[in-house]
Amino acid sequence: MLTDPFAIADAYRMLSVMPKIAVLAGDGIGPEVCAEAVKVLQAVDQQHELNLTFERAVIGGAAIDQYGVAITDSDFAMCEKCDAILLGAVGGPKWDDPEATVRPEQALFRLRFGFKLYANLRPVKVNSTLIGASPIRQEVLEGTDLLVVRELTGGLYFGKPSKIFKAPNGVTKAVDTMAYSQPEIERIVDTAFKLARERRKKVTSVDKANVLSTSRLWRQVATAVAKRYPDVEYGNMLVDNCSMQLIRDPRQFDVIVTENMFGDILTDEASQLTGSMGLLPSASLGTGKFGLYEPIHGSAPDIAGKGIANPLATILSSALMLRLSLNRPDAAETIETAVQRVLDSGYRTVDIVAPGTKQVPTDEMGNLVVEALREAVAAA
Ligand code: NAD
Numbered sequence: 003m004l005t006d007p008f009a010i011a012d013a014y015r016m017l018s019v020m021p022k023i024a025v026l027a028g029d030g031i032g033p034e035v036c037a038e039a040v041k042v043l044q045a046v047d048q049q050h051e052l053n054l055t056f057e058r059a060v061i062g063g064a065a066i067d068q069y070g071v072a073i074t075d076s077d078f079a080m081c082e083k084c085d086a087i088l089l090g091a092v093g094g095p096k097w098d099d100p101e102a103t104v105r106p107e108q109a110l111f112r113l114r115f116g117f118k119l120y121a122n123l124r125p126v127k128v129n130s131t132l133i134g135a136s137p138i139r140q141e142v143l144e145g146t147d148l149l150v151v152r153e154l155t156g157g158l159y160f161g162k163p164s165k166i167f168k169a170p171n172g173v174t175k176a177v178d179t180m181a182y183s184q185p186e187i188e189r190i191v192d193t194a195f196k197l198a199r200e201r202r203k204k205v206t207s208v209d210k211a212n213v214l215s216t217s218r219l220w221r222q223v224a225t226a227v228a229k230r231y232p233d234v235e236y237g238n239m240l241v242d243n244c245s246m247q248l249i250r251d252p253r254q255f256d257v258i259v260t261e262n263m264f265g266d267i268l269t270d271e272a273s274q275l276t277g278s279m280g281l282l283p284s285a286s287l288g289t290g291k292f293g294l295y296e297p298i299h300g301s302a303p304d305i306a307g308k309g310i311a312n313p314l315a316t317i318l319s320s321a322l323m324l325r326l327s328l329n330r331p332d333a334a335e336t337i338e339t340a341v342q343r344v345l346d347s348g349y350r351t352v353d354i355v356a357p358g359t360k361q362v363p364t365d366e367m368g369n370l371v372v373e374a375l376r377e378a379v380a381a382a
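Each position in the sequence shown, counted from 1, maps to that position plus 2 in this note's numbering.
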């Protein structure tokens, strides 16, 4: 009998015939890219009879302006009743006051921690059509296909932060705390090994064990977990070396598993292998099917409101949602194929535009993906 409330909620979700998606667009370019992903989901819904329903709520800076908190209790409860969350991004200069105690990121942390979404999967696959969009040389990039498994509910981002304060000696200080427990490390490393078994069977655990005690524990636990997977090649790498190896020889990696902040930083770097921050999707999962899907990028205030953001990372995140939370790999593949067709036809948002390609705005890119979906059905 199921007793864990999360397992019970998951069992109910499995029975759901009308999957509910919480759309939390957030701030900056969040609403622009989410609108395109929803448009694509609605088109694929019609084709595949998914019976999707959408619930919307404001989070982040927009929620602070409206309600004084980054996410309200009732919106969190609304998400709990959904099968998955599609999120844009939160934050921006308006809410950047260093003294502020209410911050847009608190919405992300509450969702991640509240739903126990400890595994953040960030696939990084170089698309041969876009190889020229990367600042890295083609011969280094070709064939790059890696997965970063980032721990998402521990480490520095969840340690108790201090305010900025004056120490007794008069010096202004601030303190963050980094903590990891053996079970927290074990479950994420185990996830990475399981995923590696479905790929090229290689795991690189990334830490800073020469300096940090949390990393020394990380390495100890990762090495113990690796013994349970003798069929998977296992190695350790220091994070500073990894940041260099990612641009020197990205093909050496299959699955990278690492702690929260290292994974955050390494994937922004890895996005440049693919050509843009606007191309990398992500899935955040716990032990069940429920998941949160979002692009790896932030709210990009420098381009917000201009209609030029690349929506493909969010559209591809919605494909991950169909595959991992809604059990519809067929529908996910349709979206991925449509995105590929649009890129193969030479359409690009400004971040990946190149000579000989056609520049389109955010909403046009979404329309083109929808059109490609319809063409695929018509041709079938
Ligand atoms: P960012 O990811 O928002 O932007 C970095 C650079 O990449 C910018 O030049 C931006 O224009 C570009 N970029 C990002 N997404 C793009 C897209 N879809 N298409 C084209 N170009 C794109 O990072 P930042 O500028 O350091 O942070 C801006 C705000 O976002 C901050 O308030 C930060 O806290 C927040 N942030 C939120 C999340 C999240 O919601 N998950 C993640 C990271 C940063």
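For each residue, glycine too, the CB sits at the ideal point set by N, CA and C. Note that the structure is a prediction, hence the values are computed from the model and not measured.
Checking the 7 Å criterion, the Cβ of Ser217 is out of range of every heavy atom belonging to ligand 1.
In the DSSP assignment, Ile138 falls outside any alpha helix (DSSP H) and carries neither an H nor an E. In summary, Ala381 is exposed, with fewer than 16 beta-carbon neighbours lying within 10 Å of its beta-carbon over all protein chains present. Only residues of its own chain outside the window of five on either side were considered, and among them Arg124, Val150, Ile298 have a CB closer than 6 Å to the CB of Thr269, listed in chain order. Thr316: not part of any beta strand (DSSP E); member of the alpha helix (DSSP H) spanning 314-326, first to last residue.
In the DSSP secondary-structure assignment, Ala224 is not bridged to any residue. DSSP links Pro125 through a beta bridge to Leu149.
Membership of Phe56 in the beta strand (DSSP E) is indicated by the continuous run 55-58.
In chain order, Ala24, Glu57, Ala59 place their CB closer than 7 Å to the CB of Met80, counting only its own chain and leaving out the 5 sequence neighbours on each side.
Lys360 carries a strand assignment under DSSP once its states are collapsed to helix, strand and coil.
The DSSP-derived three-state label of Leu287 is strand.
Ile138 has its CB no nearer than 7 Å to any heavy atom of ligand 1. In this structure, Val104 sits away from Ala64, with a CB-CB distance that is not shorter than 8 Å.
Membership of Glu188 in the alpha helix (DSSP H) is indicated by the continuous run 184-199.
Burial of Asp85 is indicated by the presence of at least 16 other C-beta atoms within 10 angstroms of its C-beta.
If you compare the alpha carbons of Ala333, Leu282, Pro100 with that of Tyr295, the shortest gap goes to Leu282.
Within the region 78-119, the complete alpha helix (DSSP H) segments at least 4 residues long are 107-116, listed from N- to C-terminus.
Judged by pairs of C-beta atoms under 8 Å, the region 181-194 does not touch the region 110-117, as fewer than three such pairs exist. Annotated as proximal: Ala91 and Gly32, with beta-carbon spacing under 8 Å. In the three-state DSSP reduction, Val177 falls in the coil class, being neither helix nor strand. Taking a cut-off of 8 Å for Cβ pairs, the region 365-382 and the region 340-350 touch, as three or more such pairs fall below it. Counted as a single uninterrupted DSSP element, the alpha helix (DSSP H) harbouring Ala272 occupies residues 262-276. Ser136 is a Cβ neighbour of Leu275, given a cutoff of 8 Å. Here Val257 is bridged, per DSSP, to Leu149, Val205. Relative to ligand 1, Asn312 has its C-beta within less than 7 Å of a heavy atom. Rounded to whole angstroms, Val126 and Ser319 show a C-alpha spacing of 12 Å.
Shown here for Gly145: same chain residues with a beta carbon closer than 6 Å to its own, the five before and five after excluded, namely Arg253 in chain order.
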